[in-house]
Amino acid sequence: MPAAPLDLSPYAFVAEDLKALPSGPGVYLFRDRGGGVIYVGKSRNLRVRVGSYFVPSARGTAKGRAVLEQAYRFEVQTVASELEAALLEAALIAEHRPPLNRQFEVHERAAPYGPRLNLVVVVRDALPAKGARDSCTLHLLRGGRYLGREAGQPHDAGPDRPRGGDSWRRLAGTIAAAYFAEAGQGRARLSRPRRLGSVPRGSDHGGGLREEGVDIDWQLVASYVRAHRDEVNALDVDECASPQEALARLRVLIQAACSGGGRVVAR
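For the sequence shown, the positions run 157 to 423 when my numbering is used.
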């Protein structure tokens, strides 16, 4: 005899909301009644993954019980690939520090290609409103950890502005401090996006992220970048001898990401 369906009356959604979720990759957030983020996750199929938390069998695990007891509503954001889902998941965990992520996922993920995988992955933002400028987000990863994300704007990094605008100068300082600072010098504190999927466009650091970074699915990131070397905009910082070289390559990547003319890997 099949199990009785889970009673969803304590939550701010109904079964139809779960069924209407997209079936592609993305991230999901669970919030409590006070609006606080209690858990962030990623999936290649949001409909299946989010729905799996709200079935009777979810009570069979400690994490499942915690979500059922503490969650009140959920949010999702779709992305173009599993790589982008892993990056956005790490960014949101860094920003919100959800208690259930800390409680149930305090483990080291393997770094299959060595502990010094230092990358800047450039992801084009969703198409802007009519008349708005194209933009992208740069995800910074260092030594097996996710540091944070910064805004990238092609008009600030274009050839007609060799010294760059405000966002470019900020990015230049962040890259230099995060990857090229001498031993003993402080690391950059990256900006905290103000809402799901957004990146501040101003120069205020917004409090920054913790300098040690957060855990990320390195197995997925490294294998995806290796398997899609000609499709992913990614800078291998270990191949750059100086901040200037890294920034020169990032100019190319930002322009490529926002041009819509395909993706490349700078390595």
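Virtual Cβ for every residue (Gly too), placed ideally from N, Cα, C.
Asked                                                                                                                                                                                      : Found
Taking the alpha carbon of L296 as the reference point, which residue from G182, E238, D392 has its own alpha carbon closest?                                                              : D392
What's the call for G363, buried or exposed, on a 16-neighbour Cβ count within 10 Å?                                                                                                       : Note that G363 scores a pLDDT of 33, beneath 50, so its modelled location is shaky; the value from the coordinates is reported in the next line. That one is exposed.
For V223, which residues in the same chain have their Cβ closer than 8 angstroms to its Cβ, ignoring the five residues on either side in sequence?                                         : F186, I194, Y195, Y209, A214, L256
Can you tell me whether DSSP reads L260 as helix, strand or coil?                                                                                                                          : The sequence given here places Phe at residue 260; Leu does not occur at that position. DSSP places F260 in helix when its eight states are reduced to three.
Between L327 and the rest of its own chain, which residues show a CB-CB distance below 6 angstroms, the 5 nearest in sequence each way excluded?                                           : E306
Relative to the C-alpha of Q309, which candidate in Q411, Y167, N201, K198 has its C-alpha closest?                                                                                        : Q411
Apart from the five residues on each side of it in sequence, which residues of its chain come closer than 6 angstroms, Cβ to Cβ, to L174?                                                  : G207
Is the beta carbon of Y184 less than 8 angstroms from the beta carbon of F230?                                                                                                             : yes
What's the call for A236, buried or exposed, on a 16-neighbour Cβ count within 10 Å?                                                                                                       : exposed
Does the beta-carbon of V170 have 16 or more other beta-carbons within 10 angstroms, so that it is buried, or is it exposed?                                                               : exposed
Does the beta-carbon of R106 have 16 or more other beta-carbons within 10 angstroms, so that it is buried, or is it exposed?                                                               : A query on residue 106 cannot be resolved here, the shown segment of the chain reaching from 157 to 423 and no further.
Check this for me: beta carbons of A241 and I372, under 8 angstroms apart or not?                                                                                                          : no
Does DSSP put L296 in a helix, a strand or coil?                                                                                                                                           : strand
Would you kindly work out how many angstroms separate the C-alpha atoms of R343 and R205, rounded to a whole number?                                                                       : Interpretation of R343 is limited by its pLDDT of 48, a score under 50 that renders its predicted location unreliable; the figure taken from the coordinates is listed afterwards. Rounded to the nearest angstrom, the two C-alpha atoms are 36 angstroms apart.
Under the DSSP definition of a beta bridge, which residues are partnered with G369?                                                                                                        : Looking at the DSSP assignment, G369 forms no beta bridge with any residue, so it has no partner.
I'd like the span of the beta strand (DSSP E) that includes S165, first residue to last.                                                                                                   : Where S165 is concerned, there is no enclosing beta strand (DSSP E), given that its DSSP letter is neither H nor E.
Tell me, please, whether the CB atom of I410 is closer than 8 angstroms to any CB atom in chain B?                                                                                         : Among the protein chains of the structure shown there is no chain B, as only one such chain exists.
Can you have a look at G329 and say buried or exposed, based on whether 16 or more other CB atoms are within 10 angstroms of its CB?                                                       : exposed
To test your reading of the DSSP string, which unbroken alpha helix (DSSP H) runs of 4 or more residues are found completely within the stretch 224–255?                                   : 238–252
Could you name the residues of the same chain whose beta carbon sits closer than 8 angstroms to that of R419, not counting the 5 residues immediately before and after it, in chain order? : At R419 the pLDDT is 44, less than 50, meaning the model places this residue with poor confidence; the figure from the coordinates comes in the next sentence. Taken in chain order, the residues that qualify are D386, E387, V388, N389, A412, A413.
Are D163 and Y228 closer than 8 angstroms when you measure CB to CB?                                                                                                                       : no
Candidates L243, K198, R280, Y167: which alpha carbon is nearest S179's?                                                                                                                   : K198
Keeping to the same chain, check which residues put their C-beta closer than 8 angstroms to that of P181; ignore five residues upstream and five downstream.                               : K198, S199, R200, N201, L202, T234, V235, A236, S237, E238, E240, A241
Find the nearest neighbour of W324 within the set G216, S379, V377, L294, judged by alpha-carbon distance.                                                                                 : L294
R298 and G369 - do their beta-carbons sit closer together than 8 angstroms?                                                                                                                : yes
Report the option in P212, G216, Q226, A176 whose CA atom is closest to the CA atom of P166.                                                                                               : Q226
So the candidates are A176, R407, A378; which of them puts its Cα closest to the Cα of G321?                                                                                               : R407
Rounded to whole angstroms, what is the Cα-Cα separation between V279 and S415?                                                                                                            : 12 angstroms
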